[in-house]
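First to last, the sequence lines map onto chains X and D. Number 47 in UniProt numbering belongs to position 47 of the first sequence; there are no gaps in the numbering. Number 3 in UniProt numbering belongs to position 3 of the second sequence; there are no gaps in the numbering.
2 protein chains.
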Amino acid sequence: MTPSSTLGKVYLVGAGPGAADLITVRGADLLAKADVVFHDALVEEAMLAYCPQAEKIAVGKRCGKHSTAQKFINKRLVDAAQKHQVVVRLKGGDPMIFGRADEEITELEEASIEVEIVPGITAALAAAATLKQSLTLRGVARSVAFSTQAKATDSTSLPLPTADTVVIYMGRDEAISIAHQLIGQGRPTTLPVRIIEAISTKRERSLALTLGEMAAGCATDWFDGQAPALLLVGAVFGNRLENSEILANSRLSA
Amino acid sequence: MTPSSTLGKVYLVGAGPGAADLITVRGADLLAKADVVFHDALVEEAMLAYCPQAEKIAVGKRCGKHSTAQKFINKRLVDAAQKHQVVVRLKGGDPMIFGRADEEITELEEASIEVEIVPGITAALAAAATLKQSLTLRGVARSVAFSTQAKATDSTSLPLPTADTVVIYMGRDEAISIAHQLIGQGRPTTLPVRIIEAISTKRERSLALTLGEMAAGCATDWFDGQAPALLLVGAVFGNRLENSEILANSRLSA
């Protein structure tokens with residue numbers, strides 16, 4: 001038996017937005033047969049109930065800010081595949097958006113370890129489901145962009161994409177600057193904004209406001225600072241007054 | 001008992017890209033307890049095995065081009081919720097992107113019927129998983145847009161979004177014009193493009209080419225014309241040579 005024939009396979013599995021039953025059937029099946037599961041710290045306990053048999057190891061942060069930690073995760077995945085047949089790396093949301101999966105894939109492929117990706121529900125789509133509002137809408141929005149806010153090397157803000165609906169991930173700390181940028185692109189101050197925290201979990205909260213209100217800092221005190229927050233901006237959110245039913249308790253009292 | 005207390009609930013459930021086990025656990029659980037399931041014609045047979053007990057009704061097209069059919073679907077959903085407790089509307093991909101869910105939600109809410117949305121894996125994320133390539137990548141792409149190609153009332157093309165990675169849904173028939181538009185926005189002709197058909201199914205095929213090649217019509221003869229196709233454009237697709245392993249058999253021989 002050659003050493004390579006004993007190598008296991010690593011599955012990068014999207015955990016989805018938070019709720020345990022918003023993982024895919026394929027992802028849940030893989031958890032049920034995993035020898036070891038490396039999961040983001042933010043993954044809910046209920047999801048780990050899919051893999052009672054597995055060794056469960058909490059690693060890293062969802063937002064992936066710690067490059068040293070990322071290198072350590074990469075190494076642990078390689079080590080695990082040299083000892084176990086089924087290794088699952090469970091990542092919040094979808095692995096292929098804002099997930100740093102490339103670094104893990106590259107490292108595993110360099111070690112001749114087979115990798116398979118199982119997609120997950122990304123936060124923006126879970127938010128749209130909660131809000132009961134499509135991100136695209138005939139005659140209103142035919143494109144949607146998912147973005148993070150980032151600084152250029154001279155610390156100016158890089159431009160945000162021009163899609164009809166824009167969803168900003170990890171935008172809590174930059175909410176005011178993001179609003180100013182979007183207004184600077186020509187979007188009206190009256191444009192509806194939705195902010196959602198801890199999507200699909202018991203701690204889910206949402207806020208309805210306008211782009212002008214966000215620019216004025218109206219959301220600042222609302223954030224709880226612990227949960228991941230998503231900013232959704234676009235005319236689609238003014239589409240159906242029925243939205244207000246969901247948001248009645250969360251509307252700015254201004 | 002008032003009439004409204006006998007009304008059922010309608011679940012708009014994302015079926016995901018095609019493969020039966022890429023639906024969410026929540027979606028599969030709802031299928032298993034549904035009285036009636038209205039599904040897109042494109043949903044695979046294997047997925048309907050989740051609901052042997054349900055009345056299964058094929059409706060409409062995934063790309064939603066037929067507005068008369070859409071009105072008929074809306075009406076049938078209302079009728080079904082007046083007779084059954086658990087009604088599932090199973091929609092390809094995610095219901096909230098390019099899915100016309102708003103029309104169904106509006107009609108149901110006007111009839112005082114409760115609606116819940118269960119998100120699904122949208123085709124772009126399933127494509128990224130197949131290609132083993134993140135749609136965002138530190139230092140290369142911090143935004144991704146999903147768009148359709150559309151014409152203005154004067155039949156000029158409406159501008160495509162400016163995100164770093166752009167994924168065009170239902171773009172097969174406009175592939176050449178889309179490539180020209182993206183080049184017109186300043187993107188290089190050498191920019192990598194991936195085209196995927198029938199994502200996550202047995203009929204899945206993919207093609208690797210450049211934006212210039214797509215503009216020159218190199219993809220035209222490749223499309224099979226039956227399966228839905230996705231166009232993915234961006235520097236991320238030139239990221240890892242390992243991609244070529246997957247695409248070795250599908251690379252343009254030019």
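The beta-carbon is built from N, C-alpha and C at its ideal position, and this holds for glycine as well.
Using the rule of at least 16 other Cβ atoms within 10 Å of the residue's Cβ for burial, across every protein chain shown, is D224/X buried or exposed? By the neighbour-count rule (16 or more Cβ atoms within 10 Å), D224/X is not buried but exposed.
Just the C-alpha distance for T122/X and I97/X, rounded to the nearest angstrom, thanks. Straight through space, the alpha carbons of I97/X and T122/X are spaced by roughly 8 Å.
Would you list the one or two residues that DSSP bridges to E55/X? E55/X has V36/X as its beta-bridge partners, per DSSP.
Leaving out five residues on either side along the sequence, give the residues of the same chain with a beta carbon under 8 Å from the beta carbon of G64/X. Its pLDDT being 48, under 50, G64/X is placed unreliably by the model, and the measurement read from it follows with that caveat. These residues qualify, in order along the chain: Q70, F98, G99 and R100.
Nearest to P17/X by CA position, among V193/X, D40/X and K9/X, is which residue? When each option's Cα is compared against that of P17/X, the closest is D40/X.
Which chain D residues sit within Cβ distance under 8 Å of T148/X? Per Cβ cutoff of 8 Å: T136, R142 and S143.
Whole-number beta carbon distance between R172/X and F237/X, since they are thought to touch under 8 Å: The distance from the Cβ of F237/X to that of R172/X is about 18 Å, inconsistent with a contact at the 8 Å cut-off.
Residue nearest to F72/D in terms of C-alpha spacing, selected from A163/D, R142/D, E103/D and T190/D: The shortest C-alpha separation from F72/D is found at E103/D.
If I'm right that I23/D touches T24/X with Cβ under 8 Å, what's the distance once you round it to whole angstroms? 7 Å between Cβ atoms; contact.
Any idea if P95/D is buried or exposed, counting beta-carbon neighbours within 10 angstroms, 16 or more meaning buried? Classification for P95/D: buried.
Any idea what DSSP makes of C63/X, helix, strand or coil? Note that C63/X scores a pLDDT of 49, beneath 50, so its modelled location is shaky; the value from the coordinates is reported in the next line. DSSP, read as helix, strand or coil, puts C63/X in coil.
List, in chain order, every chain D residue whose beta-carbon is nearer than 7 Å to that of T122/X. Ordered by position in chain D, the residues that pass the 7 Å Cβ test against T122/X are L125.
Is the region 177 to 191 of chain X touching the region 164 to 181 of chain D in the sense that three or more CB pairs, one from each, lie closer than 8 Å? Flag = no, the region 164 to 181 of chain D and the region 177 to 191 of chain X do not touch.
Can you give the beta carbon distance from residue 258/D to A141/D, rounded, assuming they're within the 8 Å contact cut? Because chain D in this structure spans residues 1 to 254, residue 258/D falls outside the shown range and cannot be described.
Just to confirm the assignment, what range does the beta strand (DSSP E) spanning E197/X have? Counting along the chain, the beta strand (DSSP E) containing E197/X begins and ends at P192 to E197.
If we ignore side chains and look at the alpha-carbon of each, how far apart do T148/X and G184/X end up? The alpha-carbon atoms of T148/X and G184/X are separated by roughly 17 Å.
According to DSSP, simplified to helix, strand and coil, what is E204/D? Residue state, collapsed to three classes: coil.
Between the alpha carbons of E213/D and I196/D, how many angstroms are there, rounded? Straight through space, the alpha carbons of I196/D and E213/D are spaced by roughly 16 Å.
When burial is assigned at 16 or more other CB atoms within 10 Å of the CB, is K83/D buried or exposed? Classification of K83/D: exposed, given that the 10 Å Cβ count is below 16.
So, for T201/X: in the same chain, excluding its five sequence neighbours on each side, which residues have a beta-carbon less than 6 Å away from its beta-carbon? Cβ within range, chain order: G18.
Going by the CB atoms, is the gap between S112/X and L7/X shorter than 9 Å? Yes, the Cβ-Cβ distance between L7/X and S112/X is below 9 Å.
Using alpha carbons as the reference points, say which of L209/D, M47/D and I168/D lies closest to A32/D. Comparing Cα-Cα distances from A32/D to each of L209/D, M47/D and I168/D, the minimum goes to M47/D.
If you count every other CB in all the chains shown that lies within 10 Å of the CB of T210/X, and 16 or more means buried, which is it? Flag for T210/X reads buried.
Drop a sphere of 10 angstroms on the beta-carbon of D79/X, count the other beta-carbons inside from all chains shown, and report buried for 16 or more, exposed for fewer. With fewer than 16 other CB atoms across the displayed protein chains lying within 10 angstroms of its CB, D79/X is exposed.
Using the three-state DSSP reduction, which class does residue 341/D fall into: helix, strand or coil? Beyond the ends of chain D as shown, which are 1 and 254, falls residue 341/D; an answer cannot be given.
Determine the burial state of residue 334/X: buried for a count of at least 16 other Cβ atoms within 10 Å of its Cβ, exposed for fewer. Outside the displayed span of chain X (1 to 254) sits residue 334/X, for which this structure offers no information.
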